[in-house]
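A short worksheet on the structure shown next.
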Amino acid sequence: MDQIIERFKKLDTTCVSDAMDKIGIECSVYGIKPVQSGEKICGRAFTVHYAPCGAVKGTVGDFLDDVEPGQVIVIDNAGRDNCTVWGDIMAKTAKKYGITGTVIDGVCRDIPAVLECRYPVFSKGYYMRTGKDRVYVDAVNVPVTLSDIQVCPGDIVIGDDTGVVVVPQSRAEEVAEIAENIDRKEQEILALVAKGYKLKEARAMTGYHHLQTKEK
Amino acid sequence: MDQIIERFKKLDTTCVSDAMDKIGIECSVYGIKPVQSGEKICGRAFTVHYAPCGAVKGTVGDFLDDVEPGQVIVIDNAGRDNCTVWGDIMAKTAKKYGITGTVIDGVCRDIPAVLECRYPVFSKGYYMRTGKDRVYVDAVNVPVTLSDIQVCPGDIVIGDDTGVVVVPQSRAEEVAEIAENIDRKEQEILALVAKGYKLKEARAMTGYHHLQTKEK
Amino acid sequence: MDQIIERFKKLDTTCVSDAMDKIGIECSVYGIKPVQSGEKICGRAFTVHYAPCGAVKGTVGDFLDDVEPGQVIVIDNAGRDNCTVWGDIMAKTAKKYGITGTVIDGVCRDIPAVLECRYPVFSKGYYMRTGKDRVYVDAVNVPVTLSDIQVCPGDIVIGDDTGVVVVPQSRAEEVAEIAENIDRKEQEILALVAKGYKLKEARAMTGYHHLQTKEK
Chain P
1 MDQIIERFKK
11 LDTTCVSDAM
21 DKIGIECSVY
31 GIKPVQSGEK
41 ICGRAFTVHY
51 APCGAVKGTV
61 GDFLDDVEPG
71 QVIVIDNAGR
81 DNCTVWGDIM
91 AKTAKKYGIT
101 GTVIDGVCRD
111 IPAVLECRYP
121 VFSKGYYMRT
131 GKDRVYVDAV
141 NVPVTLSDIQ
151 VCPGDIVIGD
161 DTGVVVVPQS
171 RAEEVAEIAE
181 NIDRKEQEIL
191 ALVAKGYKLK
201 EARAMTGYHH
211 LQTKEK
Chain D
1 MDQIIERFKK
11 LDTTCVSDAM
21 DKIGIECSVY
31 GIKPVQSGEK
41 ICGRAFTVHY
51 APCGAVKGTV
61 GDFLDDVEPG
71 QVIVIDNAGR
81 DNCTVWGDIM
91 AKTAKKYGIT
101 GTVIDGVCRD
111 IPAVLECRYP
121 VFSKGYYMRT
131 GKDRVYVDAV
141 NVPVTLSDIQ
151 VCPGDIVIGD
161 DTGVVVVPQS
171 RAEEVAEIAE
181 NIDRKEQEIL
191 ALVAKGYKLK
201 EARAMTGYHH
211 LQTKEK
Chain F
1 MDQIIERFKK
11 LDTTCVSDAM
21 DKIGIECSVY
31 GIKPVQSGEK
41 ICGRAFTVHY
51 APCGAVKGTV
61 GDFLDDVEPG
71 QVIVIDNAGR
81 DNCTVWGDIM
91 AKTAKKYGIT
101 GTVIDGVCRD
111 IPAVLECRYP
121 VFSKGYYMRT
131 GKDRVYVDAV
141 NVPVTLSDIQ
151 VCPGDIVIGD
161 DTGVVVVPQS
171 RAEEVAEIAE
181 NIDRKEQEIL
191 ALVAKGYKLK
201 EARAMTGYHH
211 LQTKEK
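Residue numbers (UniProt numbering), protein chains in the order written: chain P, 1 to 216; chain D, 1 to 216; chain F, 1 to 216.
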């Protein structure tokens, strides 16, 4: 079992984002949201890079057979919103393969089928126009970007209704520890408020305002 | 019965978009999405064009009495998002008249009522500011545009959770046939994957990568 | 009991927007939408202004202890979408305090928790990156803006699935009366259509096209 993944599964994107603030690395992916509300994903990145077709063309999506169960597919389509790189065949096959979910810097299609099979997809929106003959896969498992956040193969990708964050695997242990501490402090604040303390008091007692402040 | 409409009712926007790729005509409407998830519409277009009020003013929405049951109202409000051209009275009356749905290049209002009466509306968003005294209907049943896609009266308009596509009535038969073939091939791929074939193999066996490629 | 609030609770954002058109004051907040569909809020504004951190820093959110039950918190974060000013601790504490809801010209986080505790939040979207060390509260209960609409402390804020409108307290009585009249006329139109009148006739009989027209 991947112990660090098990720890991150208990954390949400908010706590992880605060922990990454503390170590001073950007992790919060802008504008990529779940297609289906209520999904939570956490796994290691299998990265895919798409490029526009020109004189050179290629294929889309055949990498799927190489993804391992539990991984999160991270597709860098450079934010293109005029053609799609994910659809019903991909979603149903990925689900069958035991893949955790897909995060796209771009758009997907076949929303009715994606919703129906409940395979988690996070994207910048949806559209029906195919990527075939428009873009092609030019690399897999290379460093890619999601809205200006770097994602390397094996990095930890976490998604929930607030969006997606990425933790570099080299810092994962440290980030998990900070995030767990922030989560604990926030639970303490809520417990104090429930007991009748003012929010301001509860926060002062737990050092809330600087939980995520970057250390000098 | 309108046979071609019955055939398109069995197809989704994705297959139709691919089929239109094959004949080389753009059909995928950008940025117009269902107000209510889970709706599916298919019918012939009754088109409406709005223009801004100036020295000349006019009325909004009175065309509704002229729409036939089963038609889809297509409103070209030039993408304006600062005033609305659809609301609760329109939705409830259209529902009563047996109209299939409304697609707006613009925004609508009265979202609680629209959701409650379950009349399908596809739009670029919502806002409450009325179009009255801001825009007026200057033509009905003329060619209009939805996000740069041409829609003529009688064209076939299909909408689902992925968005909206438009098929020119002069090409409808041909497009239905291509789309039905693509749909069949995609079902074959899923059946092969279910049997244990790799996705790449299943796609190669069915010619997936070029189902929608434009013929020279 | 706050009689005028009770009257506005029976009106939706659409009718109020039309009534404000009639008196010639903009009230329709652009681009701020409910996090959770189906919520309706109505209450007096407690306003909060955020400014960017620089050499001068400050705290976030401690104003919550000063908000009265029934009030609506209006946060002017200048539309910033790169850091958040509302999250799970704020939502759960506000709920406990009996606050009606929060409207943000900006973004919030902790969407799973906000949805779970069903505290109404209206915002320009969501993201996980904290506002801590990025923005701070520099004033409360001063005039603020929501997408270019002025909100003064004590103004009436109404939100539903269509969005948010603001009524200046000095004009509240007058606006309520106009909005109630518009609502009545619109019910009449629907009743006439139900009886079999054409929409155009029903509208002509009730003066629909000019219900909201500004008086000279």
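Beta carbons: idealized from backbone N, C-alpha and C, even for Gly.
Given that residue i touches chain P, what residues does it touch there, using C-beta distances under 9 Å?
| i | result |
| --- | --- |
| residue 49 of chain D | What residue 49 of chain D touches in chain P: nothing, since even the nearest Cβ is about 25 Å away. |
| residue 22 of chain D | Those within 9 Å of residue 22 of chain D in chain P number zero; the least Cβ separation is about 10 Å. |
| residue 203 of chain D | 59, 61, 62, 89 |
Looking only at C-alpha atoms, which of the options sits nearest to residue i?
| i | options | result |
| --- | --- | --- |
| residue 215 of chain D | D:9, D:10, D:18 | D:18 |
| residue 55 of chain D | D:185, D:176, D:136, D:164 | D:136 |
| residue 183 of chain D | P:207, P:69, P:88 | P:88 |
| residue 113 of chain D | F:190, F:96, F:118 | F:190 |
| residue 116 of chain D | F:37, F:202, F:27 | F:37 |
| residue 149 of chain P | P:30, P:3, P:205 | P:30 |
| residue 124 of chain F | F:99, F:77, F:141, F:142 | F:77 |
| residue 13 of chain F | D:141, D:129, D:145, D:142 | D:129 |
| residue 118 of chain F | F:39, F:44, F:146, F:205 | F:39 |
| residue 73 of chain D | D:213, D:57, D:49, D:58 | D:49 |
| residue 52 of chain F | F:138, F:188, F:160, F:172 | F:138 |
| residue 151 of chain F | F:5, F:120, F:169 | F:169 |
| residue 153 of chain D | D:147, D:141, D:161 | D:141 |
| residue 8 of chain D | D:101, D:207, D:167 | D:167 |
| residue 10 of chain P | P:102, P:158, P:58 | P:158 |
| residue 147 of chain D | D:208, D:171, D:79 | D:79 |
| residue 213 of chain F | D:134, D:6, D:120, D:1 | D:134 |
| residue 101 of chain P | P:156, P:143, P:42, P:155 | P:42 |
| residue 6 of chain P | P:209, P:94, P:96, P:177 | P:177 |
Going along the chain, which residues of its own chain have a beta-carbon closer than 8 Å to the beta-carbon of residue i, five neighbours each way excluded?
| i | result |
| --- | --- |
| residue 126 of chain P | 35, 84, 107, 108, 109, 111 |
| residue 81 of chain P | 106, 107, 124, 125, 127 |
| residue 27 of chain F | 16, 17, 20, 149, 165, 166, 167 |
| residue 98 of chain P | 69, 70 |
Give me the chain F residues within the contact set of residue i, using Cβ-Cβ distance strictly less than 7 Å, ordered along the chain.
| i | result |
| --- | --- |
| residue 127 of chain P | Simply none; closest approach about 19 Å. |
Please list the partners that residue i has in chain F, where partner means a Cβ-to-Cβ separation under 9 Å.
| i | result |
| --- | --- |
| residue 115 of chain D | 37, 38, 161 |
Keeping to the same chain, check which residues put their C-beta closer than 7 Å to that of residue i; ignore five residues upstream and five downstream.
| i | result |
| --- | --- |
| residue 33 of chain F | 122, 163 |
| residue 132 of chain P | 60 |
| residue 15 of chain F | 179, 182, 183 |
| residue 173 of chain D | 4 |
| residue 58 of chain D | 136, 137, 138 |
Given that residue i touches chain F, what residues does it touch there, using C-beta distances under 8 Å?
| i | result |
| --- | --- |
| residue 212 of chain P | 130, 132, 133 |
Run through chain D and tell me which residues come within less than 9 Å of residue i, C-beta to C-beta.
| i | result |
| --- | --- |
| residue 30 of chain F | 81, 82, 127, 129 |
Under 7 Å between beta-carbons, which chain P residues line up against residue i? List them in chain order, please.
| i | result |
| --- | --- |
| residue 206 of chain D | The contacting residues do not exist; residue 206 of chain D stays about 10 Å from chain P at best. |
| residue 107 of chain D | Those within 7 Å of residue 107 of chain D in chain P number zero; the least Cβ separation is about 17 Å. |
For residue i, which residues from the same chain have a beta carbon less than 6 Å from its beta carbon, with the 5 sequence-adjacent residues on both sides left out?
| i | result |
| --- | --- |
| residue 192 of chain P | 202 |
| residue 75 of chain F | 48, 85, 104 |
| residue 46 of chain D | 67, 71, 73 |
| residue 160 of chain F | 12, 13, 40 |
| residue 206 of chain F | 185, 188, 189 |
| residue 145 of chain F | 76 |
| residue 120 of chain P | 39, 41, 101 |
Residue i versus chain D: which residues are under 8 Å apart at the beta carbon?
| i | result |
| --- | --- |
| residue 52 of chain P | Going along chain D, no residue has its Cβ under 8 Å from residue 52 of chain P, so there is no contact; the nearest lies around 16 Å. |
| residue 110 of chain P | 12, 14, 162 |
Chain D partners of residue i, CB-CB under 7 Å?
| i | result |
| --- | --- |
| residue 200 of chain F | 62, 65 |
| residue 18 of chain F | 130 |
Exercise for the section: Kindly confirm or deny that the segment 61-81 of chain D and the segment 17-27 of chain D touch, where touching means at least three C-beta pairs closer than 8 Å. Expected result: no
Problem - Proximal residues, the segment 181-198 of chain D versus chain P, C-beta separation under 7 Å - result: 186, 189, 190, 193, 198
Practice task
Kindly confirm or deny that the segment 175-195 of chain P and the segment 67-74 of chain P touch, where touching means at least three C-beta pairs closer than 8 Å.
Solution key: no
Practice task
Check whether the segment 90-98 of chain D touches the segment 188-208 of chain F, counting contact only when three or more Cβ pairs, one atom from each stretch, lie closer than 8 Å.
Solution key: yes
Exercise for the section: Taking only beta carbons into account, state which residues of the segment 82-103 of chain P come closer than 7 Å to chain D, listed in chain order. Expected result: 87, 89, 92, 93, 96
Handout entry: Contact set between the segment 55-68 of chain P and chain D, restricted to residues whose Cβ is under 8 Å from the partner
Key = 59, 60, 61, 62, 64, 65
Problem - Interfacial residues, the segment 165-177 of chain F to chain D, with Cβ spacing under 7 Å - result: 165
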